[in-house]
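Taken in sequence, the protein lines are chains A and B.
If you read the first sequence in our numbering, its first letter stands for residue 497, the second for the next number, and so on.
If you read the second sequence in our numbering, its first letter stands for residue 191, the second for the next number, and so on.
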Amino acid sequence: MRTVVRGAGLSVRIYPRALIVGVLLLAAALAVALVNLTTGDFPVPVADVLKSLAGKGDAGTDFIVYELRLPRVLVTLLVGAALGASGAVFQSLTRNPLGSPDFIGLTTGAASGALIVMLIAGGGGAQVGVGAIVGCVITAVVIYLLAFRRGVQPFRLVLMGIGVSALLEALNSYLIYRARLNEAIAAQVWLIGSVNGRGWTEVIIAGVTVVLLLPTVVYFGRHLKLLALGDEMAVLQGVPVERSRAILALAAVGLSAGATAAAGPIAFVALAAPPLAARLSRSPNAGILPAAMMGAMLLSAGDWAAQNALPGNDIPVGVITAALGGVYLTWLLFRERGARR
Amino acid sequence: MTDPRLRAEDLTLAYDKRVVAEKLDVGITDGSFTVIVGPNACGKSTLLKALARVLKPQAGAVWLDGQAIASYPSKQVAKQLGMLPQSPIVPGGIVVEELVARGRFAHQRLLRQWSPEDEVAVTEAMRLTEVADLADRFVDELSGGQRQRVWLAMALAQQTPILLLDEPTTFLDLSHQFEVLDLCAELHEQGRTIVAVLHDLNHACRYATELIVMKAGEVVAQGPPAEVMTAQCVEDVFAMPCRVIDDPETGTPMVVPADRQRRRGSRTPEAARA
């Protein structure tokens, strides 16, 4: 179903269902985020949280909301959105549901960069973030060069990504093995992916990433539906194929690099958010914004579960998403087998 | 005489290291219905791809309106020149109307993604190709012939003055073949320049205002079918002895291959002429 909206200089075709799904997902993500602001060691009623957010709270509540919980909640929303958008772009560019940044080695590369900073250079905090971003970008370039042969075939890119990913896993294991025990444990915890104890530094990393790159991928995202018809058809329709694809891929690499820098390598969200959003909006490709909203919602809900699943135990959200990811992947393969029969 | 809008100059065309054509010069007569014919692997489709800037030549250039086609912004070319490729990727989960609408990309801008002209162009393209009834069907569930007409609709929706068609009649039954060719003829009468690769020489002679005959990467003849399509030409290019008679319907040349017995006895051109 489609509806046309026309007005002063504006003429766009919208898909009401996709729009409604996007808005509902955003609302759901914000609602879960609000719940996350109220829960924790010191429960704060919703009314007090809202009062505090409006700038009329008391000092105690302000401290809990602004220093302890809001950064974590914002990092969760931003990282989820970045992962969802990044996954949508990569899955479309590679024409493959497994072509998400956590499968084609980008997240693993970011982890390698972060581990090198943590375990060899002895850095911490924002330096780990920078390491992750550098690691992710270098990995992307290496995969691109390895897959390049008269242009890049999407399937080759996915296979190269999986190969490079395996090598980097080995590197990461080696880095952890040779580290001192307490460092190794810290690194291993970081590798799970978590928003525990994230502060305003991580909010800025994730925020800058999303503010700069999300509009970029949305703008060039118009080209994705033509690139999906093959390079030849995209050229014929007037898409500057190489440039458009390079910008989309780089921006999507940046999104997943920024997300990993802020929260570590969180699994599954980039893989599952786009197809889930597409299913809800009943369209072949959900578009980048619904995928981003779905990512934000999934990660927020995941973090709520991480805080409340085991009483008195704040487990990393990466554990929850990895578990959900396993279920999702099994279902995906199971359905695929059913379809083949 | 001024140069035609679309022409190729000194083209070397190759896939990786396999050279298909060298030093190829071709001009597409403005307002013509040009049909390119030639045996398999002679470089017909390759030339068409180069003309549509889908294949980058290793040397030489394709010129559109006196400027190298590669130097234009991609969208600007897409408003002038469209092409129906031979085997496009069939996307999953997309309906016919949606696919045809993608043919309007070159005419759209960020805030102007669906103008009344877009709507008219898509409706008209689907009507002309008789796929309006299929509008809400999934493209990957259609038959080969239906799909071919949907791709053609997408190319028509682009509304370009120059339209290139790579074997537009493949997958189609006889009546649909002629419908598509009739449609091309109508578009040509409306003033568009049509360039099509066809395999059937008789179709080519009936519809073309100009033939380009290719063999082994070279243009061996170019001109009106009545001048170009001779028994000698078919024999030289396709190694097929034949008679060329007047088509009883249209008076255009009609190629009638020689009988099997006669062909077996006459392997050499001399014998064939005898």
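No residue lacks a Cβ here, since even glycine has one placed at the ideal position from N, Cα and C.
Coil, strand or helix - residue i by DSSP
i	result
Ala258/B	strand
Ala675/A	coil
Leu332/B	coil
Gln367/B	helix
Leu245/B	coil
Asn809/A	strand
Tyr205/B	strand
Ala514/A	helix
Ile612/A	helix
Gly413/B	strand
Ile553/B	Any question about residue 553/B goes unanswered here, given that chain B covers just 191 to 464.
Leu594/A	coil
Val403/B	strand
Val704/A	helix
Glu408/B	strand
Leu725/A	coil
Ile688/A	helix
Ala464/B	Any answer about Ala464/B is weak, because its pLDDT of 43 lies below 50 and its placement is not dependable; what the coordinates show is given next. Coil at Ala464/B, not helix or strand.
Asn230/B	coil
Pro541/A	coil
Ile629/A	helix
His389/B	coil
Gly717/A	helix
Ala763/A	coil
Phe361/B	coil
Pro786/A	helix
Arg568/A	helix
Phe830/A	helix
Met793/A	helix
Ala525/A	helix
Arg836/A	Reliability fails at Arg836/A, whose pLDDT of 46 lies under 50, so the model's placement of it is uncertain and no value is given.
Sheet register partners of residue i (DSSP bridge)
i	result
Met430/B	In DSSP, Met430/B forms no bridge with anything.
Phe223/B	Ile384/B
Val735/A	Paired residues: none, contrary to the question.
Trp253/B	Arg197/B and Ala258/B
Gly272/B	Leu353/B
Ile218/B	Leu196/B
Pro443/B	Asp436/B
Ala211/B	Leu203/B
Val648/A	Phe644/A
Val285/B	Phe328/B
Contact set between residue i and chain B, taken where Cβ atoms lie within less than 7 Å
i	result
Pro736/A	Ser264
Val648/A	Near Val648/A there are no residues of chain B at all, since even the closest Cβ is about 15 Å away, more than 7 Å.
Proximal chain B residues relative to residue i, where beta-carbon distance stays under 8 Å
i	result
Gln684/A	Per Cβ cutoff of 8 Å: no residues; Gln684/A is ~40 Å from chain B at best.
Residues that residue i contacts on chain E, provided the C-beta gap is smaller than 8 Å
i	result
Gly293/B	The question asks about chain E, but that chain is absent: this structure's protein chains are A and B.
Under 7 Å by beta carbon: chain A residues contacting residue i
i	result
Met273/B	Leu732
Per-residue contacts from residue i into chain A (C-beta, under 9 Å)
i	result
Ala386/B	Here the premise fails: no neighbours, minimum Cβ distance about 15 Å.
Proximity test, residue i beta-carbon vs the ligand SAM heavy atom, cut-off 7 Å
i	result
Lys207/B	For the structure depicted, the ligand SAM is absent and the ligand set is empty, with no information on it obtainable.
Contacts that residue i makes with chain A (C-beta to C-beta distance below 8 Å)
i	result
Pro278/B	Leu725, Gly726, Glu728 and Met729
Ala296/B	Gln733 and Gly734
Can you list, in chain order, the residues of the stretch 243-270 of chain B whose Cβ is nearer than 8 Å to any Cβ on chain A?
Arg243, Val244, Pro263, Ser264, Lys265, Gln266, Val267, Ala268 and Lys269
Is the number of C-beta pairs between the stretch 329-345 of chain B and the stretch 377-389 of chain B that are closer than 8 Å three or more?
no
Validate contact between the stretch 219-227 of chain B and the stretch 392-403 of chain B using beta carbons, cut 8 Å, 3 pairs
yes
Of all the residues that make up the stretch 718-732 of chain A, which are near chain B by a beta-carbon distance shorter than 7 Å?
Lys721, Leu722, Ala724, Leu725, Gly726, Glu728, Met729, Val731 and Leu732
For the stretch 282-301 of chain B and the stretch 239-247 of chain B, state whether three or more C-beta atom pairs, one from each stretch, are separated by less than 8 Å.
no
Validate contact between the stretch 268-284 of chain B and the stretch 338-352 of chain B using beta carbons, cut 8 Å, 3 pairs:
yes
Are the stretch 765-772 of chain A and the stretch 620-639 of chain A touching by the rule of at least three beta carbon pairs closer than 8 Å?
Touching, no, given that fewer than three Cβ pairs across the two stretches are closer than 8 Å.
Assess contact between the stretch 754-761 of chain A and the stretch 533-549 of chain A, defined as three or more Cβ pairs (one per stretch) separated by less than 8 Å. Is contact present?
Inter-segment contact for the stretch 754-761 of chain A and the stretch 533-549 of chain A is absent: fewer than three beta-carbon pairs are separated by less than 8 Å.
Does the stretch 775-793 of chain A come within contact of the stretch 575-594 of chain A, defined as at least 3 CB pairs closer than 8 Å?
yes
Measuring CB atoms only, is the stretch 733-750 of chain A touching the stretch 310-327 of chain B, in the sense that at least three cross pairs come out at less than 8 Å?
no
Does the stretch 717-727 of chain A come into contact with the stretch 769-779 of chain A, if we say contact requires no fewer than three beta-carbon pairs (one atom in each stretch) closer than 8 Å?
no
Touching or not, the stretch 604-615 of chain A and the stretch 681-693 of chain A, by the rule of three or more beta carbon pairs under 8 Å?
yes
Below 8 Å, can you find three or more Cβ-Cβ pairs linking the stretch 614-629 of chain A to the stretch 546-565 of chain A?
Proximity of the stretch 614-629 of chain A to the stretch 546-565 of chain A falls short of the contact definition, fewer than three beta-carbon pairs being nearer than 8 Å.
Would you call the stretch 701-718 of chain A and the stretch 665-680 of chain A touching, i.e. three or more CB-CB distances under 8 Å?
no
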